[in-house]
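Residue numbers (the working numbering): 4 to 48.
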(Lines of atoms letter the chains of each structure in order from A and count residues from 1; the text may use other names and numbers.)
(Lines give C-alpha, C1' and ligand atoms only; values in the text may rest on other atoms or scores of the structure.)
Protein backbone atom coordinates (compact mmCIF):
# COMPACT_ATOMS: atom_id res chain seq x y z
CA UNK A 1 0.00 0.00 0.00
CA UNK A 2 1.38 3.41 -0.96
CA UNK A 3 0.39 6.70 0.61
CA UNK A 4 0.97 9.94 -1.26
CA UNK A 5 0.97 13.41 0.27
CA UNK A 6 0.52 16.70 -1.56
CA UNK A 7 2.49 19.26 0.43
CA UNK A 8 0.91 22.60 -0.38
CA UNK A 9 2.44 24.58 2.46
CA UNK A 10 5.25 22.70 4.23
CA UNK A 11 7.38 24.53 6.79
CA UNK A 12 10.36 23.83 9.01
CA UNK A 13 10.28 24.38 12.77
CA UNK A 14 13.44 24.87 14.79
CA UNK A 15 13.61 24.62 18.58
CA UNK A 16 16.60 26.25 20.26
CA UNK A 17 17.63 25.37 23.82
CA UNK A 18 19.26 28.35 25.56
CA UNK A 19 20.42 28.54 29.18
CA UNK A 20 19.88 31.69 31.28
CA UNK A 21 17.65 33.52 28.76
CA UNK A 22 17.26 37.27 29.36
CA UNK A 23 15.52 39.79 27.09
CA UNK A 24 18.05 41.82 25.06
CA UNK A 25 20.99 39.53 25.82
CA UNK A 26 23.40 37.60 23.61
CA UNK A 27 23.12 33.83 23.86
CA UNK A 28 24.87 30.63 22.91
CA UNK A 29 22.57 27.87 21.67
CA UNK A 30 23.01 24.70 23.73
CA UNK A 31 20.90 22.44 21.49
CA UNK A 32 19.01 22.84 18.21
CA UNK A 33 16.26 20.56 16.86
CA UNK A 34 14.90 21.04 13.33
CA UNK A 35 11.95 19.10 11.91
CA UNK A 36 9.41 19.34 9.05
CA UNK A 37 5.85 20.36 9.92
CA UNK A 38 2.56 21.07 8.19
CA UNK A 39 -0.79 19.30 7.94
CA UNK A 40 0.17 17.01 5.04
CA UNK A 41 3.59 16.18 6.52
CA UNK A 42 2.14 15.40 9.94
CA UNK A 43 -0.51 13.19 8.31
CA UNK A 44 2.00 11.24 6.19
CA UNK A 45 4.44 10.63 9.06
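Quick reminder that beta carbons are idealized off the backbone N, C-alpha and C, glycines included.
Quick caveat: nothing in here was measured; it's all calculated off a predicted structure.
Under the three-state DSSP convention, the category residue i falls into
i	result
residue 31	coil
residue 40	strand
Start and end residues, beta strand (DSSP E) containing residue i
i	result
residue 6	Per DSSP, residue 6 belongs to no beta strand (DSSP E) and is neither H nor E.
residue 17	14 to 21
Assumed close pair residue i, residue j - CB separation to whole angstroms, cut-off 8 Å
i	j	result
residue 17	residue 35	6 Å
residue 40	residue 14	5 Å
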